[in-house]
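Novice: Below you'll find the structure I mean.
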Amino acid sequence: MIDKTLMNKGLGDMAAEGGRKHSSLLLCSLSLNLILASLFLRASPFFRRDEELTWSREAAAEAEAAATVSCSGHGRAFLDGDLSEDGSLVCDCNSCYAGTDCSEFLSD
């Protein structure tokens, strides 16, 4: 049997109900997308505050300090290497060089 309520409704009324339903779903979807996007951007490392990245700034400063130690091109200073009496980094010289800055050539 045919439902009389459907017969009494016009096509315009049915389209209006579907339009309202779709617009409310669209509004919910947009709201959820905005909430999730804001949460993602807060967690992203590109939008974090400077005070949250202090460990990386300290590591970069330590690496720069090790890079500034002059070893005459015949050795390297490592962060986890030897330290002098005053706590500064010491050059780890190649096998045939010696000295505080690896400038002394060792002959056999």
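Residue numbering for the sequence shown follows the working numbering, beginning at -14 and increasing consecutively. A virtual CB, placed ideally from N, CA and C, is assigned to each residue, including glycine.
Determine the closest residue to S80 out of H59, L26, G66, D71, with distance taken between C-alpha atoms.
Specialist: The shortest Cα separation from S80 among H59, L26, G66, D71 belongs to H59.
Novice: Just to confirm, are A50 and C56 a CB contact at a threshold of 9 Å?
Specialist: It is not a contact, given that the beta carbons lie outside the stated cut-off.
Novice: Excluding the five sequence neighbours on either side, which residues of its own chain have a C-beta within less than 8 Å of the C-beta of S88, listed in chain order?
Specialist: Around S88: S57, H59, Y82.
Novice: Suppose you measure from the CA of H7 to the CA of E47; what does that come to, to the nearest Å?
Specialist: Answer to the nearest angstrom: the Cα atoms are 58 Å apart.
Novice: Look up L68 in the DSSP assignment and say whether it is helix, strand or coil.
Specialist: Correct three-state label for L68: strand.
Novice: List the endpoints of the continuous beta strand (DSSP E) containing D77.
Specialist: Note, D77: beta strand (DSSP E), 76 to 78.
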